[in-house]
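First residue of the sequence shown? That's 28 in our numbering, and the numbers climb one at a time after it.
Glycine included, C-beta positions come from ideal geometry on N, C-alpha and C.
Have a look at the structure below before the remarks.
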Amino acid sequence: MARLNLTEAGERFLREWENDSEYISAHTSGSTGTPKEIHLLKEDMRQSARATNSFFKISRDS
Numbered sequence: 028m029a030r031l032n033l034t035e036a037g038e039r040f041l042r043e044w045e046n047d048s049e050y051i052s053a054h055t056s057g058s059t060g061t062p063k064e065i066h067l068l069k070e071d072m073r074q075s076a077r078a079t080n081s082f083f084k085i086s087r088d089s
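In structure tokens form, the structure reads like this:
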């Protein structure tokens, strides 16, 4: 099986996703001012992924 080569940011995201926290920390781009740290709830991210899959008719069998 081929090893997935993740960037440092990707590895950091996966570690944060797997921890016990209810949210992921991210930073805004700062396009309208100083970049800010924000917290994205993991459950909101799951629901967004489900809605996207439903809209595009993506399933495990796709």
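Chain-order list of residues whose beta-carbon lies under 7 Å from that of residue i (same chain, five-residue window excluded)
| i | result |
| --- | --- |
| LEU68 | GLU49, TYR50 |
Residue closest to residue i, alpha-carbon to alpha-carbon, out of the options
| i | options | result |
| --- | --- | --- |
| ASP47 | LYS84, GLU70, ASP88, ALA76 | GLU70 |
| GLU64 | ALA53, ARG73, GLN74 | ALA53 |
| HIS66 | GLY37, THR55, ALA76 | THR55 |
| MET72 | GLU35, SER86, PHE40 | PHE40 |
Delimiting residues of the beta strand (DSSP E) encompassing residue i
| i | result |
| --- | --- |
| LEU17 | Beyond the ends of the chain as shown, which are 28 and 89, falls residue 17; an answer cannot be given. |
Span of the alpha helix (DSSP H) around residue i
| i | result |
| --- | --- |
| GLU43 | 35-45 |
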